[in-house]
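Input: a single structure, listed below in structure tokens.
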Amino acid sequence: MGSKIFEFTEPVKEIETDILVAGAGPGGTCAAIAAARSGAKVLLVEQGNCAGGMVTQGLVGPFMTCYDKSGEHMIIRGLFEEVVDRMIEKGGAIHPSEVRKKTAYTSWIEKGHDHVTPFKTETLKLVLDEMLEEARVKVLYHTTFVQPVLHGCNIKGAIVFSKAGFEKINAKVVIDATGDADVAYRAGAACEYGNNQLGIVQPATMFFHISNVDSAKLEADIEANKDNFYRKDGVNYRSFHWWVEKARENGDWDFERTSLGLFKGVDDDEWFVNTSRINGVDATNNESLTYAEREGRKQADMIFRMIKKYVPGCENAKLTETASTIGIRESRHVEGDYRLEVDDILEGEVPEDSIMVCANSVDIHGRFGPKSNEYLTMRKGEYYGVPYGCLVPKKIENLLVAGRSISASSEAAGAIRVTPPVMAIGQAAGVAAALSIKEQCSVRMVDVQKLRQLLKEQKAYLGEV
Numbered sequence: 003m004g005s006k007i008f009e010f011t012e013p014v015k016e017i018e019t020d021i022l023v024a025g026a027g028p029g030g031t032c033a034a035i036a037a038a039r040s041g042a043k044v045l046l047v048e049q050g051n052c053a054g055g056m057v058t059q060g061l062v063g064p065f066m067t068c069y070d071k072s073g074e075h076m077i078i079r080g081l082f083e084e085v086v087d088r089m090i091e092k093g094g095a096i097h098p099s100e101v102r103k104k105t106a107y108t109s110w111i112e113k114g115h116d117h118v119t120p121f122k123t124e125t126l127k128l129v130l131d132e133m134l135e136e137a138r139v140k141v142l143y144h145t146t147f148v149q150p151v152l153h154g155c156n157i158k159g160a161i162v163f164s165k166a167g168f169e170k171i172n173a174k175v176v177i178d179a180t181g182d183a184d185v186a187y188r189a190g191a192a193c194e195y196g197n198n199q200l201g202i203v204q205p206a207t208m209f210f211h212i213s214n215v216d217s218a219k220l221e222a223d224i225e226a227n228k229d230n231f232y233r234k235d236g237v238n239y240r241s242f243h244w245w246v247e248k249a250r251e252n253g254d255w256d257f258e259r260t261s262l263g264l265f266k267g268v269d270d271d272e273w274f275v276n277t278s279r280i281n282g283v284d285a286t287n288n289e290s291l292t293y294a295e296r297e298g299r300k301q302a303d304m305i306f307r308m309i310k311k312y313v314p315g316c317e318n319a320k321l322t323e324t325a326s327t328i329g330i331r332e333s334r335h336v337e338g339d340y341r342l343e344v345d346d347i348l349e350g351e352v353p354e355d356s357i358m359v360c361a362n363s364v365d366i367h368g369r370f371g372p373k374s375n376e377y378l379t380m381r382k383g384e385y386y387g388v389p390y391g392c393l394v395p396k397k398i399e400n401l402l403v404a405g406r407s408i409s410a411s412s413e414a415a416g417a418i419r420v421t422p423p424v425m426a427i428g429q430a431a432g433v434a435a436a437l438s439i440k441e442q443c444s445v446r447m448v449d450v451q452k453l454r455q456l457l458k459e460q461k462a463y464l465g466e467v
């Protein structure tokens, strides 16, 4: 860990920037936009061909809740809300205020699924590109992070690779938004992989979309089976389990899952399918990822054929697309100045140095087998806070982490890994990076109260402390 991969014997092209953001997922994209709007020169590198990461390349949707626990107030705002509003203007999303729990848009789930945001993947790609361009962020797609440039414990940039060859990016601050803490890990920061105690990570999922569905007929089947609609703690919903059981009896369901996760999309005939499950996937290993994506496509094909054959309204359904990358829920968690614990979430703790607040529940899939789902909601309060220290890795200077790999226990990460919190964390990381340059201090020494004030000026809601 942290050792040099190789030495460069030939000169490489050098690029100068204030802030380098590695990874253009929801967190990295928001970090780049926020930093650029704060006056910094920003370079965003992404190994894929678009911004959005899991929610575009991975087809993960809808956005989970951005409201408080009671569902009364929208509390994740700022850049997240701007993205949603801009998609709505293009006809590509439904505002979360219009989407309530226990409906087709939430796959009829109750807890933790009030006020989700259905959206169109292609609209999101376009909106993110527009916002990056307007903020004058330099974007390099098809560019892979290779290794950090270090002077002792100070990160000074990174080596990246593309078809143009190797390039050295010199930066005053680096934001690791790779999702797997690749920059932090290769810089020598301590990381936990998944749940170290149990030696496992959450399973991966191959999301896919279907269209040409008679949604009225499908939803009528749910209504007709409400008395048969087993629900445990509001989340182990078993929707369409009556058809899964029938398919299993007929030899058409060779899969340990007992229900279907169907989430209605923006168009009346379109549905997001979140049902596949691949256990033991190591998102930091290319062989494991290759297996997961091939297995995921096999599962998607089997699930779709079952849906088309058994679920009313899906007789003429079409499989529109499978995700171009497997949906990853968990990999590395960096060791930061503060570690978010599950009790912080359940007790509704809002520390004075919180850089965002949310009410997302702890959602852990498949930890104890394919049928396992653990779902924990807050015991106190309407929301909890994520402290700035969760973004600051120990030992390494001028490096911030944004996204699912921030400093958090495996259980706590099960709550803040979803898109709205990740986007809010990214916005905070971008503003903090720009502030550190302006104040000529390390990111570790940023005045968090000044950071909080700047975030509020950018329409972020930070609660009352």
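Heads up: the sequence shown begins at 3 in the numbering used here, then just goes up one per residue. Here a beta-carbon is modelled for each residue, glycine too, at the ideal position from N, C-alpha and C. Computed from a predicted structure; not experimentally measured.
Range covered by the beta strand (DSSP E) that runs through residue i
i, result
"L152", "146-153"
"M358", "356-360"
"T123", "Looking at the DSSP string, T123 is not in any beta strand (DSSP E); the run it does join, the alpha helix (DSSP H), is 123-136."
"A24", "21-24"
"I157", "156-164"
"V47", "44-47"
"K140", "140-142"
"E194", "193-195"
"I366", "364-367"
"E323", "320-324"
Boundaries (first-last residue) of the alpha helix (DSSP H) holding residue i
i, result
"E297", "288-312"
"D223", "217-226"
"L262", "Unbroken run through L262: none, as it is neither H nor E."
"W273", "Looking at the DSSP string, W273 is not in any alpha helix (DSSP H); the run it does join, the beta strand (DSSP E), is 273-275."
"T105", "Neither: T105 is in no alpha helix (DSSP H) and is coded neither H nor E."
"V185", "184-189"
"K397", "K397 -> no alpha helix (DSSP H), and no H or E assigned at all."
"C32", "28-39"
"V344", "344-348"
Reduced DSSP category for residue i - H, G, I as helix; E, B as strand; rest coil
i, result
"A462", "coil"
"M3", "Residue placement at M3 cannot be trusted, given a pLDDT of 47 that sits under 50; what the coordinates show is reported in the next sentence. DSSP places M3 in coil when its eight states are reduced to three."
"K452", "helix"
"H75", "coil"
"E16", "strand"
"Y390", "helix"
"R334", "strand"
"G416", "helix"
"T207", "strand"
"A471", "A query on residue 471 cannot be resolved here, the shown segment of the chain reaching from 3 to 467 and no further."
"N172", "strand"
"I212", "strand"
"V467", "Low local confidence applies: a pLDDT of 45 at V467 is under 50, so the model's placement there is unreliable, and no value is given."
"P379", "The question names Pro, but residue 379 is Thr in the sequence shown. Looking at T379 - three-state DSSP - the assignment turns out to be coil, as it is neither helix nor strand."
"A530", "Here the chain has residues from 3 to 467 only, and residue 530 is not among them."
"A95", "strand"
"G253", "coil"
"E84", "helix"
"K113", "coil"
"G181", "coil"
Beta-carbon separation (whole angstroms), residue i vs residue j, contact threshold 8 Å
i, j, result
"A179", "G60", "That pair is no contact at about 15 Å."
"A33", "I157", "At roughly 15 Å, the Cβ-Cβ gap does not stay under 8 Å, so A33 and I157 are not in contact."
"A42", "I17", "About 15 Å; that fails the 8 Å criterion."
"L464", "V359", "6 Å"
"A468", "A206", "It is not possible to answer for residue 468, since the shown part of the chain is limited to 3 through 467."
"D271", "V215", "5 Å"
"N230", "W244", "6 Å"
"Y385", "G350", "7 Å"
"I212", "W273", "5 Å"
Top-ranked residue by Cα proximity to residue i, from the options
i, options, result
"A189", "I347, V14, E399, A42", "E399"
"E74", "T286, E100, E272", "E100"
"Q149", "I224, A186, F121", "A186"
"D1", "N198, F231, N287", "An answer regarding residue 1 cannot be provided, because it is not within the stretch 3 to 467 covered by the chain."
"F168", "V14, A436, Q455, R446", "V14"
"R259", "K228, Q301, N252, G282", "Q301"
"V388", "I347, R381, R39, L126", "I347"
"D431", "G159, V445, Q199", "Per the sequence shown, the amino acid found at residue 431 is Ala instead of Asp. Considering only alpha carbons, the answer is V445."
"C193", "V448, C392, A417", "C392"
"G154", "K122, E136, D131, A191", "A191"
"L134", "L45, G159, K219", "L45"
"A36", "A404, R419, E466", "A404"
Distance cut-off 7 Å: residue i Cβ against heavy atoms of the ligand ATP
i, result
"R307", "As far as ligands go, the structure on display features none, and thus does not contain the ligand ATP."
Exercise for the section: Please determine if the stretch 114-130 and the stretch 142-151 are in contact, where contact requires at least 3 C-beta pairs separated by less than 8 Å. Expected result: no
Practice task
Could you tell me whether the stretch 277-297 touches the stretch 59-68, where touching means 3 or more Cβ pairs closer than 8 Å?
Solution key: no
Problem - Cβ contact check for the stretch 413-428 and the stretch 67-85: 3 or more pairs under 8 Å - result: yes
Exercise for the section: Flag this pair as touching only if the stretch 49-58 and the stretch 73-83 have three or more C-beta atom pairs under 8 Å; answer yes or no. Expected result: no
Problem - Three or more C-beta pairs below 8 Å linking the stretch 330-346 and the stretch 302-321 - result: no
Handout entry: Cβ pair count under 8 Å reaching 3, the stretch 409-422 against the stretch 338-356
Key = yes
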